[in-house]
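Written out below as structure tokens is the structure these notes cover.
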Amino acid sequence: MNGLDMTEQSWKDEQNRVNHVVEVIDKRIKGLEREVGSVRTDVVEMRRDFWDDVTINFSEADDVGETSTSLRQQSEVLSERERSHKHSFAALSKMKRLRQSPYFGRIDFAETGEPAEQIYLGIASLLDQDDQTFLVYDWRAPISNLYYDSTPGPASYKTPVGEIAGEMLLKRQFVIRDSQIKLMFDTGVTIGDELLQEVLGRSSDAQMKSIVATIQREQNRIIRNERSRMLIVQGAAGSGKTSAALQRVAYLLYKYREHLQADQVILFSPNPMFNSYVSTVLPELGEENMQQTTFQEYLEHRIGREFQLEDPFVQMEYVLSGESGQPGYDARIEAIRYKSSSLYIQAMNGYRNMLLAEGMLFRPLRFQGKEIVGREEISKRFYAYDSSITLANRCDLLREWLLKELADFSKREVNEPWVEEQMQLLDSEDYQIAYQRMRRQNRKKNRTFTDYEDEKLILARMVVSDRLKPLRKWVKALRFVDIKGLYAQLFANKSIMLQASGGDLPASWDEICRFTLDNLEKGELAYEDATPYLYLREQLLGFRSNGNIRHVFIDEAQDYSPFQLFFLKRLFPRARMTALGDLNQAIYAHGSILQQTSTLSQLYGQEETEQITLTQSYRSTRQIVDFTRQMVEGGERIVPFNRDGELPEIRIAGEQAALNAALSADLDQLKAEGYETIAIICKTAEESRLTYETLKKDHELKLIKKTTLSFEKGIHVIPAYLAKGVEFDAVLIYDASEERYRRESERKLFYTACTRAMHLLHVYSLGEPSPFIKAVKPEDYRTVELETSRVNG
Ligand SMILES: Nc1ncnc2c1ncn2[C@@H]1O[C@H](COP(=O)(O)OP(=O)(O)OP(=O)(O)O)[C@@H](O)[C@H]1O
Numbered sequence: 001m002n003g004l005d006m007t008e009q010s011w012k013d014e015q016n017r018v019n020h021v022v023e024v025i026d027k028r029i030k031g032l033e034r035e036v037g038s039v040r041t042d043v044v045e046m047r048r049d050f051w052d053d054v055t056i057n058f059s060e061a062d063d064v065g066e067t068s069t070s071l072r073q074q075s076e077v078l079s080e081r082e083r084s085h086k087h088s089f090a091a092l093s094k095m096k097r098l099r100q101s102p103y104f105g106r107i108d109f110a111e112t113g114e115p116a117e118q119i120y121l122g123i124a125s126l127l128d129q130d131d132q133t134f135l136v137y138d139w140r141a142p143i144s145n146l147y148y149d150s151t152p153g154p155a156s157y158k159t160p161v162g163e164i165a166g167e168m169l170l171k172r173q174f175v176i177r178d179s180q181i182k183l184m185f186d187t188g189v190t191i192g193d194e195l196l197q198e199v200l201g202r203s204s205d206a207q208m209k210s211i212v213a214t215i216q217r218e219q220n221r222i223i224r225n226e227r228s229r230m231l232i233v234q235g236a237a238g239s240g241k242t243s244a245a246l247q248r249v250a251y252l253l254y255k256y257r258e259h260l261q262a263d264q265v266i267l268f269s270p271n272p273m274f275n276s277y278v279s280t281v282l283p284e285l286g287e288e289n290m291q292q293t294t295f296q297e298y299l300e301h302r303i304g305r306e307f308q309l310e311d312p313f314v315q316m317e318y319v320l321s322g323e324s325g326q327p328g329y330d331a332r333i334e335a336i337r338y339k340s341s342s343l344y345i346q347a348m349n350g351y352r353n354m355l356l357a358e359g360m361l362f363r364p365l366r367f368q369g370k371e372i373v374g375r376e377e378i379s380k381r382f383y384a385y386d387s388s389i390t391l392a393n394r395c396d397l398l399r400e401w402l403l404k405e406l407a408d409f410s411k412r413e414v415n416e417p418w419v420e421e422q423m424q425l426l427d428s429e430d431y432q433i434a435y436q437r438m439r440r441q442n443r444k445k446n447r448t449f450t451d452y453e454d455e456k457l458i459l460a461r462m463v464v465s466d467r468l469k470p471l472r473k474w475v476k477a478l479r480f481v482d483i484k485g486l487y488a489q490l491f492a493n494k495s496i497m498l499q500a501s502g503g504d505l506p507a508s509w510d511e512i513c514r515f516t517l518d519n520l521e522k523g524e525l526a527y528e529d530a531t532p533y534l535y536l537r538e539q540l541l542g543f544r545s546n547g548n549i550r551h552v553f554i555d556e557a558q559d560y561s562p563f564q565l566f567f568l569k570r571l572f573p574r575a576r577m578t579a580l581g582d583l584n585q586a587i588y589a590h591g592s593i594l595q596q597t598s599t600l601s602q603l604y605g606q607e608e609t610e611q612i613t614l615t616q617s618y619r620s621t622r623q624i625v626d627f628t629r630q631m632v633e634g635g636e637r638i639v640p641f642n643r644d645g646e647l648p649e650i651r652i653a654g655e656q657a658a659l660n661a662a663l664s665a666d667l668d669q670l671k672a673e674g675y676e677t678i679a680i681i682c683k684t685a686e687e688s689r690l691t692y693e694t695l696k697k698d699h700e701l702k703l704i705k706k707t708t709l710s711f712e713k714g715i716h717v718i719p720a721y722l723a724k725g726v727e728f729d730a731v732l733i734y735d736a737s738e739e740r741y742r743r744e745s746e747r748k749l750f751y752t753a754c755t756r757a758m759h760l761l762h763v764y765s766l767g768e769p770s771p772f773i774k775a776v777k778p779e780d781y782r783t784v785e786l787e788t789s790r791v792n793g
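Taking full-length UniProt numbering, the leading residue of the sequence shown gets 1, the next gets one more, and so forth.
Shown next, in the form of structure tokens:
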């Protein structure tokens, strides 16, 4: 039996209660199944009859009105039925989930002066037959907070009507499967190490799981935090940041169910594969998924048509594959840092202020070689507007003016010879359209006659108007503002940049200018330029914002630059933000927003910002955490969860073939031992591809690329930067030699790779291992020299 003071009787009592609750659930399921069945048939029938029940007669004006009323009524009935179908269906699937495991916790709580009540916690609430008492409380209910936040003894919890104080007499945990209690124990301060041991010791899955049964106190603070506009979570690798974020979404959706819909919450993920990895957690908790995207996806959406955009992974490959001293390399690194810094935001703001007075660039309005409005004329008009009007509003005024100019031009153009020529080419269908238009115009003007001249004019206008359509669209989309030119100007004209930035420029500015202009010329935009470019564009054309979103979650927040976060804040003006990250996993060359906490708290102001630190790491065994934490700054503060495994192994090979052979044998053995999800983590995409090619003849492998959308069990070959956020039963680092991981910038990448391992870590090295490994105390890993002869034998 589990638990020290558990009597056989209490085990029996609890099992009886489980049986009773399951009975109630079964009854509820039966009822709901009938309901869903009948509503479904109703909906299907009605869909089939939808068009039979309404009279369709559009021939007479009165009938049109009648028909549409009839249609509306029908569709209202239909959508009401569909709503109730959806509702019953959701209730049914909730019951089915409860059926699998009705609850996971119990607290006995005596409100001051009242007898103790038994509170059972599960993923959803359940009332008894007469709807009088809760058989199960939702884990997100106010009273459930006691379970996560308090220990037996005096305790209190907050409700909408005030704080309720009393005493907690018992805190008990269960694992219930198939109506049977499998584990049960009483706990004190932390929510059962035993249960966590059990959960964390399992093998990894292709998809993340919910952690509601074992949420830890610190994580609970994140999940239920409602005080601040901006919540920053700095947490060690594997400390449950992503988990906390997802349960927080579920909590918010529950608490604000009257006002908050799942599509008002958005999660920014590190890559598309991660989206699929986390996509089952909310449905498992009975909630709809929030919106998910990546920052790159957003950039593509906004400026992907204007430029060939570089993605962060291409930038990463460049940084990892190049070397200091190579032509252009150091300047590019400097550019990446500068262009993502708050200094650059300031320079951009300085530039905007300059443009208020002078320097705007426009494209002329041209049609078939003729200039309708020249760039100087546009600029003159722009600066004739009152100087207090913002750039964006002035561009709007320009648009109206240019559309009018275009309309005037269009009237003049009808007499041009090309129009006559075009009219000859019109076919009968065009004539038909012109005739209809003419009739409409006549009706409007109350005219009953037409003459040949009228008809000709209408046709001519039609021809001109059709030809001008793209140009009108161009004006409407404000394409006459030369954003690309304006961005390029910053790099083409040093005096402008000096003035905009206040003179604070990176050392290799001239070289940075050269390659930035080169890129722009080719229609390409480097990753580090994309957000600033979009920012400039928005300053000029107006900020697009999304007022619907109420909560923005940014996972792997350390990979965002101050510029990007600043941008997201503007994009979602009505949202609260939760940024979760780990500075030790900041793998990009640009500055990390988490490094500059002052910048970060400026975003919403100190008052509105709260920071929570998670130091306990749950993912990996104690041995793996002990090994990895010695590689990074502040690692001594990371606390491993007490779960034992093998010491990490460093396997040194003298030559490539020996390394591959040993790796291949290792895979065979791990599979035989039952490891289901294994990753061979490489440094770059190229190294991954080569490894995949070498090993694929003997193993079933999956090569993970940046475009990979989903994640399954099996053996993955994956570049380290794509393994962010995910985890594997066993991790094999392909080549952690001094040659591959040596630079300071590679330290965090290497740390990220190693911390993906849950149960086992084998680090291969071709020759001398990385200095990051050598910094680890020798007793915290084992070294194995691989024999070269293995290749031949
Ligand atoms: N309270 C908990 N109960 C059970 N499992 C937990 C708990 N907290 C975290 N875990 C598990 O630990 C692992 C790591 O969690 P998660 O991926 O959320 O961490 P993270 O901080 O986002 O990690 P990283 O920054 O390394 O990507 C997951 O398998 C998760 O299920």
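Virtual Cβ for every residue (Gly too), placed ideally from N, Cα, C.
Reference residue i, options the options, closest by Cα
i	options	result
residue 588	482, 318, 638, 690	318
residue 714	721, 722, 699, 725	699
residue 204	619, 518, 693	619
residue 211	181, 242, 518	242
residue 291	682, 701, 264	264
residue 366	403, 709, 380	403
residue 614	178, 36, 12, 223	223
residue 522	280, 484, 440	484
residue 124	665, 299, 255	255
residue 251	215, 9, 330	215
residue 388	635, 173, 357	357
residue 623	229, 776, 478	776
residue 821	197, 660, 278, 575	Past the boundaries of the shown model lies residue 821; the chain is included only from 1 to 793, so the question cannot be answered.
residue 328	289, 514, 33	514
residue 153	141, 142, 116	116
Opening and closing residue of the alpha helix (DSSP H) in which residue i lies
i	result
residue 301	295–303
residue 478	Unbroken run through residue 478: none, as it is neither H nor E.
residue 497	494–501
residue 200	193–201
residue 312	312–321
Proximity of residue i and residue j at Cβ, strictly below 8 Å
i	j	result
residue 110	residue 162	no
residue 339	residue 646	no
residue 585	residue 751	yes
residue 149	residue 217	yes
residue 181	residue 96	no
residue 644	residue 621	yes
residue 650	residue 617	no
residue 667	residue 678	yes
residue 103	residue 127	no
residue 553	residue 267	yes
residue 794	residue 601	In the structure displayed, the chain extends from 1 to 793; residue 794 sits before or after that span and is not available.
residue 759	residue 780	no
residue 350	residue 507	no
residue 722	residue 748	no
residue 282	residue 231	no
residue 276	residue 294	no
residue 717	residue 704	yes
residue 801	residue 315	Look at the range of the chain in this structure, 1 to 793, and you will see that residue 801 is not part of it.
Assumed close pair residue i, residue j - CB separation to whole angstroms, cut-off 8 Å
i	j	result
residue 488	residue 459	Going by Cβ atoms, the distance from residue 488 to residue 459 rounds to 43 Å, so no, they are not a contact pair.
residue 475	residue 399	6 Å
residue 556	residue 724	6 Å
residue 118	residue 108	5 Å
residue 533	residue 525	6 Å
residue 719	residue 685	5 Å
Closer than 7 Å: residue i CB and nearest ligand 2 heavy atom
i	result
residue 130	In the structure on display, ligand 2 does not appear, and the ligands it does have are ligand 1.
Boundaries of the beta strand (DSSP E) in which residue i is found, first to last residue
i	result
residue 164	162–177
residue 277	Unbroken run through residue 277 is the alpha helix (DSSP H), 272–278; no beta strand (DSSP E).
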